[in-house]
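In this text, residue positions in the sequence shown follow my numbering: the first is 5, and each later residue adds one. Okay, structure first, notes after.
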Amino acid sequence: MRRHLLLHLTIASVLAFASACIEPAAPAYVIVIPPVQPAQPPPPPPPPESNLYLAPSNVSILTNDSLSVHGFAYPGEGLESDTLDWSVNDSTLASIDVVGTDRVVIHTLQAGDLLISARTRGSRFPVGTSASVKILARSSQPAPIEVVEFYANEYTPYWNPSEWTYTPQLSLRAVGQDSVRILGVTFDLPGSQWSPYCSIAKSVPQSATPMIAPLGYENSIYLAQEDHRSRPGAQAVARITVLLNDGTGAQLVVSGPIVSPLNVGDAFSHAYDSADGDWLWCG
């Protein structure tokens, strides 16, 4: 009996010692690992400035005059709209009339350096650009030039029978001085909503000087009107702006007949010839 009791005490002591040596289990912790976010690709670069340009630009006009400015937007990545927002840097110099999604008419108020700005609307990457216009004080003196010849050819090109095309012809000479610097010429056609501004970097001497390449040359001026023909007897109008010696400007407004040229096909046979001279460039 004593040996059994001793055995029980020994087993109890061993169990007690084992229980004392075993540490309680540590509480369980749940480690949450956040999911790895995929790397975001960088946004595509915005379209270059060349995707939008204004015409005309870098031109000179007079006070109390108007200028039609077009915005040309070329579609590209992020450039889905050709609707433009317009502004000028100084509203005391000129006001703006928006006449289309991509065209405005500037009305000049006083002399100064005007900056016309346009920006695409509704694009992922709006694109902006500017055009400079120098506004000169209008002189009370007449323009020292004389129109030797002015008329406009009217014809239908063979590649588009529904289109009427007009090519003005203009020849000038200086009056009362050796030469006159031409700043620009604006042509107006009856019924047309576009009055192109044409510039040239030369002076006109006292001899008769053609300002526009003849019909059929590659750098002639072609004004197209879809499904619209000028009425019989209508006349074209040219506004010729010149620079005077005192830094002001003067303007001569003339009208000329609209005629149907003979041998239009023969004229276009020279369409890829190069013409000598410095002709007007229209924007």
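Cβ coordinates follow ideal geometry from the N, Cα and C atoms, glycine included.
Quick check on DSSP: helix, strand or coil for residue i?
| i | result |
| --- | --- |
| N249 | coil |
| N68 | coil |
| N288 | Coverage of the chain is limited to positions 5 through 287, which leaves residue 288 absent and any answer about it impossible. |
| A205 | coil |
| S136 | strand |
| H232 | coil |
| A115 | coil |
| P172 | strand |
| P146 | coil |
| I110 | strand |
| W283 | coil |
| I100 | strand |
| S95 | coil |
| Y159 | strand |
| D89 | strand |
| V184 | strand |
| F129 | coil |
| I262 | strand |
| S121 | strand |
| T190 | strand |
| L219 | coil |
| Q210 | coil |
| V179 | coil |
Given a cut-off of 9 Å on the beta-carbon distance, is the pair residue i and residue j in contact?
| i | j | result |
| --- | --- | --- |
| S264 | A240 | no |
| V63 | S199 | no |
| L56 | T133 | yes |
| L174 | V151 | yes |
| L227 | L176 | no |
| L58 | I139 | no |
| T213 | D69 | no |
| I65 | G251 | no |
| L284 | Q145 | no |
Can you tell me which of the options puts its alpha carbon nearest to the alpha carbon of residue i?
| i | options | result |
| --- | --- | --- |
| D117 | R107, R123, A98 and Y201 | A98 |
| F76 | H111, I100, A122 and I65 | A122 |
| A242 | L88, T252, Y155 and R107 | Y155 |
| L88 | I65, V73 and L66 | V73 |
| V179 | P172, I186, I149 and S166 | I149 |
| I216 | G237, P172, L256 and S91 | P172 |
| T105 | W90, T112, S95 and Q114 | W90 |
| Q114 | S95, R107 and D101 | S95 |
| A141 | P236, L219 and T67 | T67 |
| Q255 | Y170, A147 and N93 | A147 |
| Y78 | V131, Y170, H111 and A205 | V131 |
Here's a check: name, in chain order, each residue in its chain whose Cβ is nearer than 6 Å to the Cβ of residue i, leaving out the five neighbours to either side.
| i | result |
| --- | --- |
| C286 | P200, C202 and I225 |
| L190 | Here the sequence assigns Thr to residue 190, which means Leu is not the residue at that position. The answer, listed in chain order, is S199, Y201 and R243. |
| A135 | L58, S61 and I120 |
| E153 | S175 |
| R185 | S207 and L247 |
| N93 | L119 |
| P218 | none |
| D101 | V109 |
| V257 | R243 |
| Q181 | P148 |
| D170 | Inspection of the sequence shows that residue 170 is occupied by Tyr rather than by Asp. These residues qualify, in order along the chain: A156, E158, L193 and L227. |
Residues in the same chain with beta-carbon distance under 7 Å from residue i, minus the five sequence neighbours each way, listed in chain order, please.
| i | result |
| --- | --- |
| S183 | S207, V208 and P209 |
| P52 | Low confidence applies here, because P52 scores a pLDDT of 49, under 50, leaving its location unreliable; read the following figure in that light. Excluding residues within five positions, none has a Cβ falling inside 7 Å. |
| H168 | Reading off the sequence shown, one finds Trp at residue 168, where the question assumed His. Correct list, in chain order: E158, T160, Q229, H232 and R233. |
| V103 | V109 |
| A238 | P194 and I262 |
| R235 | P194 |
| S143 | L248, T252, G253 and A254 |
Could you name the residues of the same chain whose beta carbon sits closer than 8 Å to that of residue i, not counting the 5 residues immediately before and after it, in chain order?
| i | result |
| --- | --- |
| S211 | R177 |
The region 159-167 in contact with the region 112-131 per 3-pair CB rule at 8 Å: no
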